[in-house]
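Following: one structure in structure tokens, then a few remarks.
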Amino acid sequence: MTVEISASEGGIPHNNFLGIGLVGSVVCLYLAYLNVFTGMDVFSVFGGIAAVFALWWGTDTIKNLCSYGLGTGVPSAGMLAFGSGVIAMLLATRLEIISPLVIPVGAVVIAAILGAIIGIVADKIVNMHIPVMVKALTEMAIVGALTLLGLTAMASGSFVFSELVAGTALINVGGTMIELPSFAASALGGCVLATLFMLGAIALQHPFNACLGPNESQDRTQMLALECGFLSMIPVAVISFVFISSGAALIGFLVSVIGWAYTYMEFIKLSKRDAYMWLDGKPILEKGGE
Amino acid sequence: MSALGGGGGGEGMDPVGLGIGLVVALLSVVIVYILAPTTAVFALIGVIIGGALIGFGIHFVPVGGAPAAMGQSPGIATGVAMLATGAGLAGLFGGAWAAELGFGVALAGGAIGGGLMMAITCLMVNVVYVYGMGIPAASGKVDKDPITGDTFPAYKSQGTEGHGLPFISYVGGVIGGMFGGLGGTLIYLELLEVYKETLPQILSAGAEDVIPIAVGLAGIFAVGMFLVNAVLSAYNITGTIEGPHDPKFRRFPRAVIACAIASAVCGMVAIMLVAM
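Protein chains in written order, with the working numbering: chain A, 1 to 290; chain B, 291 to 566.
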């Protein structure tokens, strides 16, 4: 009993996705860091865009890897990407002791090392013997780390460790509410990262898993990747109301909703194009109804 | 080019790969020994043991994949990674909740949490198989259940690899859940100790104040490492496994070594977070 995983061939080469995704994501992370230079937090939204870039690239990597037949289904690759990505990303946030500007590049380097080691373990010791295994798992770890770094920047306005652990909580002292620093009310202490982890992992593992098959086409799969990325940005934007100013959070929310609506409509168009036939479903009319 | 039951996973290990892996694992321990406090070395060893336990435990879990959903192979109808994650995280939450009651109680809580989750899943899976799909439990790999002595061939439908969830698979699932929960909780507890010890200095705050951060960090690292180990074991199984009586079970030494090496590197990174 086997299930065929077939993917389209040709189209845009994978290295283009790698280049655009990696550079776009890192550049957007630096744009998100403009928050610190300008003292505003409206640039947080670029964190979400960085995550979308990374997810868009990661979807093509998953397609490359899974077309070899892993034996465990497509989502496992997404879980591995985020499992190793979150470890690399958290260590990278501590690179602030050198300079906060090192963090995005540092995340890429640490994730690449971690991913390569896991790739060698999977390929040589577990005996997978898949030619792209080491390269793909290296890319996946980077994708996981960049996505989480981006979503964290969007939710909390920063990706620096000392700011991720700093939060303020309103505490009632004798009838008056005063603001006190509280670790529990921070992005890390409140474990917002766990939510971001799942939001990113679902967005990474879904697109190819949903589109694979004899009829898979690259532009449709990649459009679904963008759609999933923006969809994950919406809850992150809602979370960000807690940590950043309402105006900045609202901008993030609007960007993600507009981005999601546009990519969703495009995805439906591409699905209709690829479908053999399309029948617009209508609700069954009730007897005596309108 | 198949998603289930295909490719990969021959017997044996590549000696060069094994050598590189063991050197990398040893290097991780040495780096932690040089850069971090001595207690962190013991924590890293705990993390490595936890990872190996996860890799070992996952081989007990009866995984049926998509064919099981159609009643064409025995086991629970989902992938290894998802099932292991469910069992391991249930155990991890159980153990984390009990963390303040002491090391032993927390480990037992983790093991029972994981085992309980698998026991409930296996029971409900069989209820669905027997009363919902109308299929009896029959293993395709052995003729006789090693525990109950039930015979299978008469009940096995033609053209299938067996179906349903035999008793031996049920027992395997519970044992697997217990190992997974135990390993996940061990990783969490070891990292929690390291963070509780070092974070007050880094954040210049009281030992009580940093607990939310320590718990958050240890929790997310434990989840990340659990997923890495679960997926590596899933790659080792390649597709479906019936439980401890399946011939594929004999592949477990590879996964144990692979998970130990991966956990050593991941654990080193997690400890470097506070050692820098």
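Even for Gly, the Cβ is constructed at its ideal location relative to N, Cα and C.
Just so we're clear, the structure is a prediction, and the values are computed from it rather than from any experiment.
M414 (chain B) counts as exposed, since fewer than 16 other C-beta atoms from the protein chains shown sit within 10 angstroms of its C-beta. Interface residue (Cβ-Cβ distance to chain B less than 8 Å): L90 (chain A) is classified as such. Under the Cβ criterion of 8 Å, C412 (chain B) is not counted among the residues facing chain A. Between G399 (chain B) and G376 (chain B), the gap from beta carbon to beta carbon reaches 8 Å or more. If you draw a straight line from the Cα of P490 (chain B) to the Cα of A504 (chain B), it comes to about 10 Å. The beta carbon of G73 (chain A) falls within 8 Å of a beta carbon belonging to chain B, placing the residue at that interface. Between G471 (chain B) and G381 (chain B), the C-beta gap is smaller than 8 Å, which places the two residues in contact.
With respect to chain A, the C-beta atom of N416 (chain B) has no partner C-beta closer than 8 Å. In the three-state scheme derived from DSSP, where H, G and I count as helix and E and B as strand, M177 (chain A) is classed as strand. Chain order gives the chain A residues near R544 (chain B) as I125, V126 and N127, where near means a beta carbon separation below 9 Å. Contact annotation: the stretch 456-465 of chain B touches the stretch 531-538 of chain B, with at least three C-beta pairs closer than 8 Å.
DSSP places S429 (chain B) within a strand segment (E or B) once states are collapsed to three. The DSSP-derived three-state label of I171 (chain A) is strand. Per DSSP, the beta bridge partners of H453 (chain B) are B:A428. The residues G144, A145, L148, L193 and F197, in chain order, have a CB closer than 8 Å to that of V86 (chain A) in the same chain once the five nearest residues on each side in sequence are set aside. Excluding residues up to 5 positions away in sequence, G341, V518, N519 and L522 lie with their Cβ nearer than 7 Å to the Cβ of A552 (chain B) in the same chain. Within its own chain, the residues whose Cβ lies closer than 8 Å to the Cβ of A333 (chain B), once the five positions on either side in sequence are excluded, are E480, L481, E483, V484, G557 and I561, listed in chain order. When only Cα atoms are considered, D41 (chain A) and V74 (chain A) end up about 37 Å apart.
If you ignore the 5 residues before and after S162 (chain A), its C-beta comes within less than 7 Å of the C-beta of E96, all in its own chain and listed in chain order.
Annotated as distal: E498 (chain B) and T329 (chain B), with beta-carbon spacing of 8 Å or more. The Cβ neighbour count for F511 (chain B), taken over all protein chains shown within 10 Å, is at least 16; the residue is labelled buried. With 16 or more neighbouring CB atoms inside 10 Å of its own CB, K63 (chain A) falls in the buried class. The beta carbons of G189 (chain A) and G509 (chain B) sit no closer together than 8 Å. Cβ neighbours of V105 (chain A) within its own chain (closer than 8 Å, five residues either side excluded): V26. For Q205 (chain A), the enclosing alpha helix (DSSP H) has its first and last residue at V192 to C211. V500 (chain B) carries a coil assignment under DSSP once its states are collapsed to helix, strand and coil. Counting the other Cβ atoms within 10 Å of the Cβ of T168 (chain A) gives fewer than 16, which makes it exposed. Taking C-beta atoms as the reference points, M89 (chain A) and A107 (chain A) count as a pair closer than 8 Å. Contact check for A122 (chain A) against M133 (chain A) passes: the beta carbons are separated by less than 8 Å. Sorting A:G200, A:M177, A:P214 and A:S240 by C-alpha distance to the C-alpha of A275 (chain A) places A:P214 at the top.
Non-local beta-carbon contacts of I492 (chain B) in its own chain, meaning distances under 8 Å to residues more than five positions away in sequence, involve V564 in chain order. At a cut-off of 8 Å between C-beta atoms, T528 (chain B) counts as an interface residue with respect to chain A. For G247 (chain A), the enclosing alpha helix (DSSP H) has its first and last residue at S246 to D274. Taking C-beta atoms under 8 Å as the contact rule, I344 (chain B) and A550 (chain B) fail to qualify, at a distance of about 10 Å.
Contact check for G452 (chain B) against K446 (chain B) passes: the beta carbons are separated by less than 8 Å. Secondary structure within the stretch 301-367 of chain B: the alpha helix (DSSP H) runs of 4 or more consecutive residues, fully enclosed, are 305-325, 328-348 and 355-359 (chain order).
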